[in-house]
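Notes for the one structure printed next.
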Amino acid sequence: MPTAAKSNLRSTIVCCICLATGLQTAAPQNNKALKFEAWNPLCKLTADLDNVNKQAHANLQADITKLAEATRRKLRAQIFLAKHGGNASSDIYAPLMAFVAEKAAQQLAQLPKASTTALAAVQHSAHLQGHLAEFLTLFGSAAVSNGNDHGCLEKSSNARTQAIAGIEQLSQCALKPTDVTAAAQPISTLTPVAYTNLPAATTDAGNLIAVSTSLTCGLTQGADANSGSGGIIANGQNLKSAIPIAAGAFKIGDGALTGINLNAATGLQATAPVYSAVLEKIKTELQPRTASNDYSESATKSSASVKKAFAATYEGTDKPGQNTQGLINTHYNKGNEFETHFWNQILDEKVKKQTPDGSTDGVQLKEIDSIVDLELTLIYYNHLNNVKLREQAKDLQEAKKNVKIVTKTQAEICAGLKEKVPCNENPNCKYNEEKKEDPKCELSEKGKQAAEKTEGKDAKTTNATASNSFVINKAPLLLAVLLF
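Numbered according to this note's numbering, the sequence shown spans residues 16 to 499.
Rendered as structure tokens:
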């Protein structure tokens with residue numbers, strides 16, 4: 016090809032600034048490699064986007080862990096209460112069970128949204144990461160084999176006359192996804208509101224174009240608006256519109272390379288829609304979430320479930336005028352010892368652990384992590400309580416059979432009072448000292464009126480409660496159940 020023709024094929028690259036209102040174009044320059052400060056921040060962004068995927072995975076795992084933790088706490092509290100059922104001192108633990116049940120319900124309700132948010136973050140960050148990886152792979156691979164002074168990416172700020180000689184020199188960039196289960200590293204190029212430390216708009220054309228005149232790059236060369244010549248991409252044709260690269264971070268136009276201000280907190284919807292959409296989807300996943308629920312004293316006292324359960328457990332506290340919250344504050348006022356006094360009592364409780372394969376006695380509740388084992392252990396203690404209740408009900412029926420209530424008339428009641436003092440103390444009786452034979456304790460006028468009114472003229476009564484007396488033909492020891 017004639018020298019003149021080669022000269023005509025050379026296109027210039029001009030750095031332009033993408034402001035919030037549009038792009039600025041500088042005078043054409045020779046096509047050169049992208050400056051290190053222009054492309055390296057995007058390399059860092061690929062690594063950060065890879066860490067967004069890892070953080071989203073970690074956050075989702077934290078949400079699942081909190082749900083599992085709340086479920087375990089609820090089951091442990093239920094087992095504790097089932098084992099100590101009927102013991103009045105265990106009533107104070109019942110509201111705690113309501114509290115952990117509330118936590119479990121909250122975590123379960125939040126999990127679908129958390130899953131959707133995490134998946135959306137991974138999807139969008141991977142989308143942008145793919146764009147950038149493709150851009151860096153293309154520009155990093157565009158290097159000649161007979162030297163290191165030709166290529167499309169300036170090697171470093173300390174090697175201004177050298178170019179990246181291949182993608183093996185881009186190991187610091189996340190050109191492919193890594194293990195999502197690995198720990199996420201600190202993120203430095205974006206926040207929940209904006210990208211940071213990325214190429215910014217400026218009037219200095221040197222922000223995009225390498226200084227060295229030998230670092231030529233046909234990939235950044237559009238058609239020259241004056242001569243109509245072009246580089247590898249334009250291939251000598253005038254471009255209909257600028258070619259976006261790196262998801263729109265740069266655009267190759269006629270005789271110009273332009274860049275946008277990715278650091279702008281606003282305006283990215285118009286100038287860089289891919290970057291804007293990604294930021295919107297990943298912002299909630301940028302901050303690590305704790306994998307533990309708040310079971311502190313203050314959280315317990317302020318729980319609506321605790322208040323309701325407390326009122327139900329302690330009779331009368333839910334009535335008008337009762338200061339339920341004040342009673343809660345009094346009963347749970349342990350300060351720094353709250354965890355030790357209440358939760359540790361539950362966690363340290365030794366139970367007969369049940370598993371699908373058998374049982375083990377003397378195991379502390381905190382040592383049982385399997386939700387299946389906890390469920391089986393709860394079923395075991397509930398079964399023991401059911402058996403106990405059935406036995407008590409049976410004993411109660413037997414006791415009723417052996418109890419005979421004897422009814423007496425008021426006259427018979429008076430006749431049973433042999434002494435003068437107890438006779439006269441009963442308003443329905445009077446002691447007749449003149450009477451020679453027993454019984455001397457007879458019905459008083461009041462007693463006669465009461466007897467006629469309540470018992471009939473025949474003085475027979477059908478009300479055993481008036482006598483407050485009964486005879487037990489057989490008194491089995493199991494009658495104690497009646498007093499339980």
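Yeah, the Cβ is synthetic: ideal placement off N, Cα and C, and Gly gets one too.
Go ahead and label residue i buried or exposed: buried means 16 or more other beta carbons lie within 10 angstroms of its beta carbon, across all protein chains shown.
i           : result
residue 218 : Any reading at residue 218 must be qualified, since the residue scores a pLDDT of 34, below 50, and its modelled position is unreliable; the value itself is stated next. Answer is exposed; the Cβ neighbour count stays below 16.
residue 464 : exposed
residue 64  : buried
residue 55  : buried
residue 377 : exposed
residue 226 : exposed
residue 140 : buried
residue 466 : buried
residue 440 : exposed
residue 280 : exposed
residue 420 : exposed
residue 256 : exposed
residue 417 : exposed
residue 102 : exposed
residue 506 : Given that the chain is displayed from residue 16 to residue 499, the structure contains no residue 506 and the question cannot be resolved.
residue 445 : buried
residue 308 : buried
residue 436 : exposed
residue 158 : buried
residue 170 : buried
residue 166 : buried
residue 266 : buried
residue 113 : buried
residue 60  : buried
residue 196 : exposed
residue 72  : buried
residue 414 : buried
residue 228 : exposed
residue 181 : exposed
Sort out for me which residues DSSP pairs residue i with in a bridge.
i           : result
residue 374 : 369
residue 445 : 457
residue 158 : 166
residue 178 : 169
residue 126 : Its beta-bridge partners do not exist; DSSP assigns none.
residue 260 : 265
residue 147 : Answer is none; residue 147 lacks a bridge partner.
residue 49  : 168 and 224
residue 205 : 210
For the putative contact between residue i and residue j, defined by C-beta atoms under 8 angstroms, what is the C-beta separation to the nearest angstrom?
i           : j           : result
residue 287 : residue 264 : 7 angstroms
residue 168 : residue 49  : 6 angstroms
residue 362 : residue 381 : 4 angstroms
residue 57  : residue 261 : 6 angstroms
residue 136 : residue 67  : 6 angstroms
residue 130 : residue 82  : Not quite, the Cβ-Cβ distance comes to about 11 angstroms (not below 8 angstroms), so this is no contact.
residue 92  : residue 119 : No, residue 92 and residue 119 are not in contact; Cβ-Cβ is about 11 angstroms, not under 8 angstroms.
residue 53  : residue 282 : So it is not a contact: roughly 20 angstroms between Cβ atoms.
residue 340 : residue 199 : Wrong, their Cβ atoms sit about 42 angstroms apart, outside the cutoff.
residue 347 : residue 315 : 6 angstroms
residue 462 : residue 443 : 3 angstroms
residue 77  : residue 305 : 7 angstroms
residue 189 : residue 62  : 5 angstroms
residue 342 : residue 353 : Going by Cβ atoms, the distance from residue 342 to residue 353 rounds to 16 angstroms, so no, they are not a contact pair.
residue 176 : residue 223 : Not a contact, Cβ separation roughly 17 angstroms.
residue 185 : residue 233 : Actually they are not in contact, since the Cβ atoms of residue 185 and residue 233 sit about 19 angstroms apart, beyond 8 angstroms.
Flag residue i as yes if its beta-carbon sits less than 8 angstroms from any beta-carbon of chain B, otherwise no.
i           : result
residue 188 : Structure shown: chain B not included; a single protein chain is present.
- Message: If contact is defined by three or more beta carbon pairs under 8 angstroms, each pair taking one atom from either stretch, is the segment 196-211 in contact with the segment 288-303?
- Response: With a cut-off of 8 angstroms, the segment 196-211 and the segment 288-303 count as touching, because enough Cβ pairs lie within range.
- Contact between the segment 427-435 and the segment 394-407: three or more CB pairs below 8 angstroms? They do not touch, by the three-pair rule.
- Would you check if there are 3 or more beta carbon pairs closer than 8 angstroms linking the segment 142-155 to the segment 93-111? No contact exists between the segment 142-155 and the segment 93-111.
- Task: Indicate whether the contact test is met: 3 or more Cβ pairs, each with one atom in the segment 370-378 and one in the segment 350-361, closer than 8 angstroms.
- Result: The segment 370-378, when compared against the segment 350-361, does not touch it at the 8 angstroms Cβ threshold.
- What alpha helix (DSSP H) runs, 4 residues minimum, are completely inside the segment 376-432? You should have 386-416 and 425-430.
- Query: Looking at C-beta atoms only, is the number of pairs between the segment 386-399 and the segment 120-128 that lie closer than 8 angstroms three or more?
  - Reply: These segments do not touch.
- Item | Residue ranges of each alpha helix (DSSP H) within the segment 336-367, 4 or longer | The segment 336-367 contains these whole alpha helix (DSSP H) runs: 339-346 and 359-362.
- Let me know the beta strand (DSSP E) ranges lying completely inside the segment 88-120, each 3 residues or longer, listed in chain order. Runs of the beta strand (DSSP E) inside the segment 88-120: none found.
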